[in-house]
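Engineer:
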Amino acid sequence: MSRIVIVTGASGALGRAVVARLRAEGVVVAAVDAVATVEIDADLVLPGVDLADAASVATAFETVATALGPITGLANIAGGFVWEPVVGGEAQTWDRMFRTNLLTAALASRAALPHLLKQGGSIVNVGAAGAVDPATGMAPYAASKAGVMALTRSLADEVRGKGVRINAVLPTILDTPTNRRDMPDADPAGWIRPADAAEVIAFLLSDVSVAVNGAGIALAAS
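Listed below in structure tokens is the structure:
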């Protein structure tokens, strides 16, 4: 049976790397994104999906299953970052980070599980190393990413013994065009290449990682 994996946030740097890595090993990939126009080499592309809306996500995942077959994996790559101090910050920043980073992962996981529980599979979420010891201005982002890790561990326990594994990767700074633009004075030598992060995500989505469940794997440049 072909492996069929959904990648959310597929239009971003990490999403594209994950799609490319999975397709290179013969995985059938559905790219799902909130962006209205997505040009990416995937087996099925569903743009303009509100990943923070339960009904929209459920409809998109049903479309994937109908078009491609039984879903066996989900990579929750969708997310975002805002630097903002708590004092003087905006309430909507917290809501934006919650919806973008945590709610999208929760809704996508919930929509995928009815499919995954039928034949087994794997979900990989993207947390953040910075959620462990956040510095100034990181609170909204780090809180939402800490929530992603809590979701990962709780959901892994909830479906334990049912053939579905839930794990997360916790990267430091990814070497993306956006991060290079936003941090022009930083040295990207120690940043993580999206392709390297995609290798770990692909591993966690594969049957080779059958003994890994409920884990948060830190990603850092060597």
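In my numbering, the protein residues as written are 568 to 789. For each residue, glycine too, the CB sits at the ideal point set by N, CA and C. A quick note: this is a predicted structure, and the numbers were derived from the prediction, not measured.
Per DSSP, which residues does Ile638 bridge with? Please list them.
Structural biologist: The count along the sequence shown starts at 1 and reaches residue 638 at position 71. Answer is none; Ile638 lacks a bridge partner.
Engineer: Using the Cα positions of Ala762 and Leu581, report the straight-line distance between them to the nearest angstrom.
Structural biologist: Position 195 of the sequence shown, counted from the start, is the residue given in the question as residue 762. Position 14 of the sequence shown, counted from the start, is the residue given in the question as residue 581. Ala762 and Leu581: Cα-Cα distance of roughly 7 Å.
Engineer: In the structure shown, what three-state DSSP assignment does Pro738 receive?
Structural biologist: Locating residue 738 in the sequence shown gives position 171, where the first residue counts as 1. Of the three classes helix, strand and coil, the one that applies to Pro738 here is strand, per DSSP.
Engineer: Please list the terminal residues of the continuous beta strand (DSSP E) segment that includes Asn692.
Structural biologist: For the purposes of this step, residue 692 is taken as the residue at position 125 of the sequence shown. It spans 688 to 693 - the beta strand (DSSP E) in which Asn692 sits, taken as one unbroken run.
Engineer: For Arg748 and Val616, what's the separation of their Cα atoms in angstroms?
Structural biologist: Your numbering for residue 748 matches position 181 in the sequence shown. Your numbering for residue 616 matches position 49 in the sequence shown. Each residue's Cα considered, the two are about 27 Å apart.
Engineer: State the Cα-Cα distance for the pair Val612 and Asp752, rounded to the nearest angstrom.
Structural biologist: Taking the sequence shown and counting its residues from 1, one reaches residue 612 at position 45. Taking the sequence shown and counting its residues from 1, one reaches residue 752 at position 185. C-alpha separation (whole angstroms): 36 Å.
Engineer: Per DSSP, which residues does Gly783 bridge with? Please list them.
Structural biologist: Within the sequence shown, numbered from 1, the residue matching residue 783 stands at position 216. Gly783 pairs with Ala735.
Engineer: Given this structure, state the Cα-to-Cα distance separating Leu771 from Gly704, to the nearest angstrom.
Structural biologist: Taking the sequence shown and counting its residues from 1, one reaches residue 771 at position 204. Taking the sequence shown and counting its residues from 1, one reaches residue 704 at position 137. Straight-line Cα distance between these residues: approximately 31 Å.
Engineer: With a cut-off of 8 Å on the beta carbons, I'd call Val585 and Ile644 a contact; round off their distance for me.
Structural biologist: For this step, residue 585 is matched to residue 18 along the sequence shown. For this step, residue 644 is matched to residue 77 along the sequence shown. Indeed they touch by this definition, with Cβ atoms about 6 Å apart.
Engineer: Which class does Leu671 belong to by DSSP, given the choice of helix, strand or coil?
Structural biologist: For the purposes of this step, residue 671 is taken as the residue at position 104 of the sequence shown. As written in the sequence, residue 671 is Thr, which differs from the Leu given in the question. Correct three-state label for Thr671: helix.
Engineer: Beta-carbon within less than 6 Å of Ala794's beta-carbon, same chain only, minus the 5 sequence neighbours each way: which residues are those?
Structural biologist: The displayed coordinates of the chain run from 568 to 789. Any statement about residue 794 would go beyond what the structure contains.
Engineer: Of the choices Gly593, Gly646, Gly687, Leu618, whose alpha-carbon is the least far from that of Val599?
Structural biologist: Indexing the sequence shown from 1 puts residue 599 at position 32. Closest by alpha carbon: Leu618.
Engineer: Quick one: residues in its chain with C-beta nearer than 6 Å to the C-beta of Asn692, no 5 flanking neighbours on either side, listed in chain order?
Structural biologist: If you number the sequence shown from 1, residue 692 lands on position 125. Asn643, Ala672, Val715, Thr719, Ala735.
Engineer: Could you give the residue range of the beta strand (DSSP E) that holds Thr575?
Structural biologist: Your numbering for residue 575 matches position 8 in the sequence shown. 571 to 575 is the extent of the beta strand (DSSP E) around Thr575.
Engineer: Looking at C-alpha atoms only, which residue of Ala591, Arg663, Asp620, Gly636 is the closest neighbour of Ser676?
Structural biologist: Working through the sequence shown from its first residue, we reach residue 676 at position 109. In terms of CA proximity to Ser676, Asp620 leads the group Ala591, Arg663, Asp620, Gly636.
Engineer: Under three-state DSSP, which class holds Leu613?
Structural biologist: Sequence index remark: in the sequence shown, residue 613 carries index 46 (1-based). Of the three classes helix, strand and coil, the one that applies to Leu613 here is strand, per DSSP.
Engineer: Report the rounded CA-to-CA distance for Arg760 versus Val654, giving the unit in angstroms.
Structural biologist: Working through the sequence shown from its first residue, we reach residue 760 at position 193. Working through the sequence shown from its first residue, we reach residue 654 at position 87. Rounded to whole angstroms, Arg760 to Val654 spans 33 Å at the Cα level.
Engineer: Can you look up Ile768 in the DSSP assignment and give me helix, strand or coil?
Structural biologist: Working through the sequence shown from its first residue, we reach residue 768 at position 201. Here Ile768 sits in helix by DSSP.
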